[in-house]
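Notes follow the structure.
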Amino acid sequence: MSKILIVAEKPAAGKDIARILGATESSNGYMENEEYIVTWAIGHLIGLKDPEEIDEKFKIWNVDDLPLPYDNGLKVLAGTKGQYKIVKSLIQRDDISYLINAGDVG
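According to the working numbering, the sequence shown is numbered sequentially starting from 1284.
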């Protein structure tokens, strides 16, 4: 049976959504039932790479290097690596048919 994955912005919101949907089976970083899996971010899970992570020459600012590359890539933030791995593994599950973003709109 396929399930709907809901990703909330923070644990408190995710747990409230899970309670409302009856997703009471608790696991590390998410809750689920027969229809839903509810997980959460912890603030930001990923961020933009720092300029020097793209190229060492950007470690020291030089006007000749401007503009910086637009597509500078993403990195998993150190404090959220564990939850990032949980969310990623849930997204990749074969039984997920839909993903709902339950985070802030702004």
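Glycine residues also receive a C-beta, built at the ideal position from the N, C-alpha and C atoms.
Per-residue DSSP class, three states only, for residue i
i	result
residue 1353	coil
residue 1363	helix
residue 1295	helix
residue 1308	strand
residue 1331	strand
residue 1287	strand
Per-residue burial, residue i [other beta carbons within 10 Å of its own, 16 or more giving buried]
i	result
residue 1314	buried
residue 1388	exposed
Inter-residue CB distance, residue i and residue j (contact presumed, cutoff 8 Å)
i	j	result
residue 1293	residue 1325	7 Å
residue 1361	residue 1323	With 8 Å as the limit, residue 1361 and residue 1323 do not qualify as a contact, their Cβ atoms being about 18 Å apart.
residue 1286	residue 1380	7 Å
Segment limits, alpha helix (DSSP H) that includes residue i
i	result
residue 1336	1334-1337
N-terminal and C-terminal residue of the beta strand (DSSP E) that residue i is part of
i	result
residue 1314	1313-1315
residue 1384	1379-1385
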